[in-house]
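Asker: Quick one: structure below, then a few questions.
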Amino acid sequence: MSRAAEDPSEPAPHRDGEPAGIPADGSGPGSPQRPAGILVIAVIVALEAAALLVAAIWYGTQLITGAPVLSFWGAVFTLVLLLAFSAWLSAVALFLFRGYRWPRAGALVAQLFTLTIGFPTMSGGYPLAGLAMLVPAAVAIILLFDKRVIAFASRAGGAPPAL
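Next comes the structure, spelled out in structure tokens:
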């Protein structure tokens, strides 16, 4: 019986399932140094998640106090979407900070959505609110393509190979 060849580009997993050289907390003597760009992106995404959570809380209190809505269940659906997107962005921020590969795409999509909301907001008479969305999104997008960020955030999640 033959074994599948190991990919030399992937670090060998430790006993606890974490790749060699990158412990779960991202620190340690053998781990790559976390670039400042990762911290900046994670903070931006975490702040966006917090803003969505605040919006969901405000929206929920308006719904409970009886603010007029066209469709009650449509409003509940919007509230659930705000909460779900906030939770998703929180996970993206956390796992990007830890160095996983998959949150880079999620962070990019979130920033593109923020840009599509920020431009009309800025040109619609709310320049400060628009800039508050556009500037962090642009910074995050630029940093997501930095080679140090890409090199650090390249850890694949998942179980070790079965065979």
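Oh and the sequence shown: position 148 is 278 in the numbering used here, straight run, nothing missing. C-beta: ideal position from N, C-alpha, C; glycine also. Predicted, not measured: the structure shown is a model, and the values here were computed from it.
1) Helix, strand or coil: how does DSSP classify Tyr256 here?
2) Here's the rule I'm using: 16 or more other beta-carbon atoms within 10 Å means buried, otherwise exposed. How should Phe207 be labelled?
3) DSSP three-state call for Arg278: helix, strand or coil?
4) Could you spell out where the alpha helix (DSSP H) holding Ala191 opens and where it closes?
5) Is the beta carbon of Ala223 sitting closer than 7 angstroms to the one on Val175?
6) Have a look at Leu213 and Glu178 and give me their C-alpha separation to the nearest angstrom.
7) Examine the Cβ distances between the segment 261-275 and the segment 244-252 and report whether three or more of them are shorter than 8 angstroms.
8) Taking the C-alpha atoms as reference points, what is the distance between Val199 and Leu193?
9) With 16 as the cutoff for other CB atoms within 10 Å, does Gln241 come out buried or exposed?
10) Which residue wins for smallest C-alpha separation from Ala186, given the options Ala217, Ile168 and Arg285?
11) Nearest CA to the CA of Leu238: which residue from Gly255, Leu183, Leu273 and Pro257?
12) Taking Cβ positions, are Ala283 and Gly229 nearer each other than 7 angstroms?
13) Which same chain residues end up closer than 8 angstroms to Tyr256 when comparing Cβ atoms and leaving out the 5 residues on each side of it in sequence?
14) Using a threshold of 7 angstroms, state whether the C-beta atoms of Ala166 and Leu226 are closer than that.
Answerer: In terms of the structure at hand:
1) coil
2) exposed
3) helix
4) The displayed chain sequence assigns Thr, not Ala, to residue 191. Start and end: Ala166 to Ile194.
5) yes
6) 12 angstroms
7) yes
8) 8 angstroms
9) buried
10) Ala217
11) Leu273
12) yes
13) none
14) no
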